[in-house]
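If you number the sequence shown the way the working numbering does, the last residue is 615 and the count never jumps.
By construction, the Cβ of each residue, glycine as well, lies at the ideal position given by its N, Cα and C atoms.
From a predicted model like this one, the values you see are computed outputs, not experimental measurements.
Input: a single structure, listed below in structure tokens.
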Amino acid sequence: IHNTFDIIDEQGNLIKNISDRYLAVNAIGILLKYVEETQKIKPENLNKIVLYEVVKYMALDINSRRNLELTERLKDKSKKGTLLWVLDKTETSMGGRLIRRWINDPLVNVDDINLRLDAVEEIKNDILLNDRIVESLKSIYDIERLAGKISYGTVNARDLISLKNSIMQLPNLKDAIKNVNSEFLRNVDAELDVLTDIYELIENSIVEEPPLTVKEGGLIKKGYKPEIDELIEATTNGKQWLANVEIREKELTGIKNLKIGYNKIFGYYIEVSKSNVKDIPEDRYIRKQTLVNSERYIVPDLKEYEEKVITAKSKIEALEYDLFKSLSSEIKEHIESLYKLANRIANLDIVSNFAHIATKNSYVKPEINKEDILEIKGGRHPIVETLIASGTYVKNDIVLDDKNNLIILTGPNMSGKSTYMKQVALNIIMSHIGSYVAADYAKIPIVDKIFTRVGASDDLLTGQSTFMLEMTEVASILNNATNKSFIVLDEIGRGTSTYDGISIATAITEYIHNNIGAKTIFATHYHELTELEKELERAINFRVEVKEDGKNVVFLREIVKGGADKSYGIEVARLSGVPKEVLNRSNKILKKLETRKNLIENKIKAEQMILFGNG
């Protein structure tokens with residue numbers, strides 16, 4: 001594997017010895033074998049493998065990544081409308097790739113998170129610093145990809161010029177961050193090698209605008225290799241020699257319109273019009289081609305020159321190609337430095353980008369704490385607020401701590417329950433990647449895992465029903481969550497009968513509260529679950545506030561204490577455009593059912609009173 005790939009750590013350092021990581025080596029080998037056997041090709045586009053430790057990062061299962069739309073939308077797999085879309089305004093391709101990884105792998109170490117946050121804060125508070133960083137980053141090419149091409153031997157001369165122009169920005173970048181205070185930025189500065197040797201090597205050898213290919217010459221600067229210069233000089237002076245030959249032949253033959261030309265079939269030739277053929281000296285001129293209006297000839301010294309030029313051109317191409325391969329090999333010796341450089345630039349790009357986004361979107365620096373307190377004031381959904389009119393998003397608070405760590409959230413559909421739950425999860429993730437968060441104030445604990453169970457549909461491929469999928473996902477959550485996790489559950493149990501659903505939802509809530517202790521928001525239509533507030537010590541009811549104005553209902557999207565006593569399903573149907581006839585009929589049926597429910601409840605109460613009275 002070492003012969004095929006560069007094995008590097010997350011900081012861009014080459015790992016020389018991976019013999020003690022035999023499980024990783026086996027996994028890589030099996031994966032490569034699988035690709036070769038199934039795709040019938042060797043993955044020659046791959047040139048490096050990055051090893052990282054899972055324990056450093058928050059665990060996000062596939063359902064959570066999908067439901068929270070971290071890097072792609074559920075609907076169409078696009079980037080727009082995702083957290084990545086909101087946060088990624090990076091200047092370099094390296095930063096763009098790394099920020100995707102940061103979002104998929106949030107940190108779980110307080111010190112590491114705060115290093116990033118402090119760097120973002122310093123850049124955010126210094127506009128001049130941010131401008132200087134951005135200005136330098138704009139002119140830096142994809143050094144990581146260039147390093148890969150150098151390592152794999154597919155680099156061309158234009159790639160090296162791109163590398164040189166990128167390295168040219170490094171002194172400015174170092175100068176911009178030389179007096180910073182944050183440890184993160186100081187580390188970047190200390191490890192940002194300006195690679196003067198590589199810059200001078202390329203600057204002295206490669207022309208500024210080289211051709212696309214490396215086998216046709218024209219790559220090497222004049223003065224770098226005397227042997228090449230001599231050959232080029234010979235071919236260049238040859239143009240004057242040809243002009244002199246043309247003048248000589250015109251004078252010898254007296255043919256004024258005689259001219260020397262060239263094509264790939266015959267090489268150099270002398271062309272004479274038909275009317276002047278009689279003046280051709282037959283002892284020296286050899287006819288090669290007859291055209292409609294002219295004849296083409298060659299002469300001995302013209303063919304000798306042609307051979308000389310062709311030989312020189314071939315020699316130049318061969319010498320320049322060999323020299324270019326030698327230069328590439330010399331640069332390859334610095335491959336570790338290039339990977340490190342790419343990583344440092346990507347890190348700097350992201351924190352600078354986060355500073356810009358924080359200012360642009362009015363984000364706040366979160367307090368990362370070890371006290372296990374989650375408190376967000378004026379929280380917003382970072383994606384939704386970007387997609388709607390400015391200033392129209394309704395902010396909401398949340399507090400989860402040792403006293404209350406499980407919220408039972410009730411309210412009608414379309415009222416904002418899912419948005420509220422997801423915004424909390426997204427702000428937790430943002431804080432753990434070192435970004436400011438969409439809130440007025442945020443105090444966030446270290447969260448080891450985030451689980452979301454939001455929506456489901458039948459899986460026709462495997463034959464699993466909505467309810468089966470729902471229970472499979474819930475089982476995964478209950479088996480893997482810890483008291484440091486954050487859980488979002490939306491409408492658990494709705495895929496089966498009402499009583500089954502209520503029973504399962506209640507048991508799940510009790511299990512999370514009593515056995516796991518994870519911070520949880522449980523959104524439900526089952527108003528019966530609000531009774532759990534009285535039974536579970538750390539459970540608390542919240543609802544989405546609704547304003548009734550005569551026959552109309554307005555969803556205020558404010559989260560307030562207490563449970564909802566109505567689901568407003570018919571009102572949601574009205575907002576969705578269901579015909580009035582259906583809505584009116586629904587209201588009549590609802591009144592009948594409510595009347596029947598009241599009669600049953602009153603009867604049960606009366607029977608209980610008789611029962612207890614007889615006792």
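Just so you know, the alpha carbons of Glu537 and Lys484 end up roughly 18 Å apart. Phe324 has its alpha-carbon roughly 21 Å from the corresponding atom of Thr235. The secondary-structure analysis by DSSP pairs Ala523 across a beta bridge with Leu409, Asp490.
For Lys48, the three-state secondary structure derived from DSSP is strand. Where Ile298 is concerned, the enclosing beta strand (DSSP E) starts and stops at 294 to 298. Fully contained in the stretch 250 to 328 are the following beta strand (DSSP E) runs of length 3 or more, in chain order: 259 to 263, 267 to 273, 286 to 290, 294 to 298. Residue nearest to Pro226 within the set Leu195, Val194, Glu320 is Glu320 (criterion: CA-CA distance).
With respect to Ile487, Ile502 sits apart: the two C-beta atoms are not nearer than 8 Å. A buried status is given to Pro382, since no fewer than 16 other beta-carbon atoms sit within 10 Å of its beta-carbon. Of the candidates Lys274, Ile280, Pro281, the residue whose Cα lies closest to the Cα of Val292 is Lys274. In the displayed model, Tyr441 falls within a strand according to three-state DSSP. Here the alpha carbon of Ile7 sits roughly 15 Å from the alpha carbon of Arg145.
Taking the CA atoms as reference points, Lys33 sits about 12 Å from Val25. Following the DSSP letters along the chain, one finds Phe354 inside the alpha helix (DSSP H) bounded by residues 335 to 361. The straight-line gap separating the alpha-carbon atoms of Lys303 and Thr213 is approximately 29 Å. When beta bridges are read from the DSSP output, Asn396 appears opposite Gly379. Taking C-beta atoms as the reference points, Tyr199 and Lys164 count as a pair closer than 8 Å. Cα atoms of Leu348 and Lys422: separation of roughly 29 Å, rounded to the nearest angstrom. Judged by DSSP secondary structure, Glu144 falls within the alpha helix (DSSP H) whose first and last residues are 143 to 152. If you draw a straight line from the Cα of Glu510 to the Cα of Asn353, it comes to about 43 Å. Apart from the 5 residues on each side of it in sequence, Glu491 sits with its Cβ closer than 7 Å to the Cβ of Ala523, Thr524, His525 in its chain, given in chain order.
Taking Leu74 as the centre and dropping the five residues before and after it, the same chain places the C-beta of Arg66 closer than 7 Å to its C-beta, in chain order. Taking Lys360 as reference, the option from Tyr224, Lys89, Lys77 with the minimal CA-CA separation is Lys89. Distance check between Leu192 and each of Met168, Asn257, Glu121, Ile444 places Met168 closest, using alpha-carbon atoms only. Within the stretch 28 to 97, the alpha helix (DSSP H) runs of at least 4 residues that lie entirely inside it are, in chain order, 62 to 67, 83 to 87.
For Asn369, the secondary structure class from DSSP, reduced to helix, strand or coil, is strand.
The stretch 248 to 266 makes no contact with the stretch 324 to 344, as fewer than three CB pairs between them are under 8 Å. Here Gly29 is exposed: its Cβ has fewer than 16 other Cβ atoms, across all protein chains shown, within 10 Å.
In the pairwise beta carbon analysis, the stretch 117 to 124 is classified as not touching the stretch 77 to 84: fewer than three pairs are separated by under 8 Å. Annotation for His513: Leu406, Leu536, Arg538, Ala539 place their beta carbon closer than 7 Å to its own, counting only its chain and skipping 5 residues before and after.
Beta-bridge partners assigned by DSSP to Ile559: Val544. When rounded, the separation of the alpha-carbon atoms in Lys395 and Lys403 is 24 Å.
In this structure, DSSP gives Lys592 a helical state, which the three-state scheme calls helix. Beta-bridge analysis with DSSP links Thr452 to Val488.
Taking 8 Å as the cut-off, the Cβ atoms of Thr386 and Val86 count as close. In the same chain as Asp159, and ignoring 5 residues on each side of it, the C-beta atoms closer than 7 Å to its own belong to Leu146, Lys149, in chain order.
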